[in-house]
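A.B. asks: To start, I am sharing the structure in question, which I have written as structure tokens.
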Amino acid sequence: GEQVEQLPSILRVQEGSSASINCSYEDSASNYFPWYKQEPGENPKLIIDIRSNMERKQIQELIVLLDKKAKRFSLHITDTQPGDSAMYFCAASVNSGGSNAKLTFGKGTKLSVKS
Amino acid sequence: NSKVIQTPRYLVKGQGQKAKMRCIPEKGHPVVFWYQQNKNNEFKFLINFQNQEVLQQIDMTEKRFSAECPSNSPCSLEIQSSEAGDSALYLCASSLSGNERLFFGHGTKLSVL
Numbered sequence: 132g133e134q135v136e137q138l139p140s141i142l143r144v145q146e147g148s149s150a151s152i153n154c155s156y157e158d159s160a161s162n163y164f165p166w167y168k169q170e171p172g173e174n175p176k177l178i179i180d181i182r183s184n185m186e187r188k189q190i191q192e193l194i195v196l197l198d199k200k201a202k203r204f205s206l207h208i209t210d211t212q213p214g215d216s217a218m219y220f221c222a223a224s225v226n227s228g229g230s231n232a233k234l235t236f237g238k239g240t241k242l243s244v245k246s
Numbered sequence: 269n270s271k272v273i274q275t276p277r278y279l280v281k282g283q284g285q286k287a288k289m290r291c292i293p294e295k296g297h298p299v300v301f302w303y304q305q306n307k308n309n310e311f312k313f314l315i316n317f318q319n320q321e322v323l324q325q326i327d328m329t330e331k332r333f334s335a336e337c338p339s340n341s342p343c344s345l346e347i348q349s350s351e352a353g354d355s356a357l358y359l360c361a362s363s364l365s366g367n368e369r370l371f372f373g374h375g376t377k378l379s380v381l
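Now the structure itself:
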């Protein structure tokens, strides 16, 4: 099955700076890549996603880049704020048009934003 | 607030006891997933359904775990004989289809003593 590697596992940044999280996948058929943010005691919340027909997507301060050749994708948070502190998870799935696609998650990145 | 409702939020069981948790998917979402998130925050896929039909499940689920999504009733995940290693957060998620966005509930935190 699909394997997703996520780095770094811990990331500490200063408020106002950028934070970057990198993921790689193995299955070249993977074509859907969501990112989830999970705060302590809370459910994982979808913050941004990208499909394989795109290379870049931005929602406010969140930027996702996808390099299909290298089988890598990344999340960039610009102008980080203390409220961005949380666990972040990348995931990948193969969307073949059916309903049995399942997400494979990375092991997570604990982001701490210091004010 | 999550539109996927999971109950109970916390569940404490002794080893060998049954543990049952429930999930009401977001209205209109026919596809339901169960994931286990361990103490290291790692996600493990357990099983998924479309309406009442099982789509995929892993070996662990086939042996000690049972799950169902009956029509007009909450979905459920039950561990027949809990083991210490089952202590984890069990997350239910739903989507319009398996290839669409997945929305998670708050989970059931199971502690097996």
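Chains as they are written, first to last, in the numbering used here: chain A, 132 to 246; chain B, 269 to 381.
Idealized CB from N, CA, C, for every residue including glycine.
1. Can you tell me whether A:K233 sits near the ligand MN, meaning its C-beta is under 7 Å from at least one heavy atom of the ligand?
2. Which same chain residues end up closer than 7 Å to B:S362 when comparing Cβ atoms and leaving out the 5 residues on each side of it in sequence?
3. Under the rule that 16 or more other beta-carbon atoms within 10 Å means buried, what is B:Y303, buried or exposed?
4. Can you round the beta-carbon distance between B:R290 and B:K377 to whole angstroms, since I take them to be within the 8 Å contact cut?
5. Would you tell me roughly how many angstroms separate the C-alpha atoms of A:F236 and B:F311, rounded to the nearest one?
6. Could you check whether the Cβ of A:M185 sits closer than 8 Å to any Cβ belonging to chain B?
7. To which residues of the same chain is B:Q325 closer than 6 Å at the C-beta, ignoring the five residues directly before and after it?
8. Within 10 Å of its beta-carbon, does B:G373 have 16 or more other beta-carbons around it, so buried, or fewer, so exposed?
9. Does the beta carbon of A:K238 come closer than 8 Å to any beta carbon on chain B?
10. With DSSP run on the structure shown, which of helix, strand or coil describes A:P139?
11. By the three-class DSSP mapping on this structure, what secondary structure does A:P213 have?
12. Where does A:D158 fall in DSSP's three states?
13. Please list, in chain order, the chain A residues whose beta carbon lies closer than 8 Å to that of B:Q348.
C.D. replies: Well, looking at it:
1. Ligands are entirely absent from the displayed structure, and the ligand MN is therefore not among its contents.
2. V272, P293, E294, H297, V299, V300, F371
3. buried
4. With a Cβ gap of about 14 Å, B:R290 and B:K377 do not count as contacting.
5. 6 Å
6. no
7. I315
8. buried
9. yes
10. coil
11. helix
12. coil
13. Chain A residues near B:Q348: none, gap ~23 Å exceeds 8 Å.
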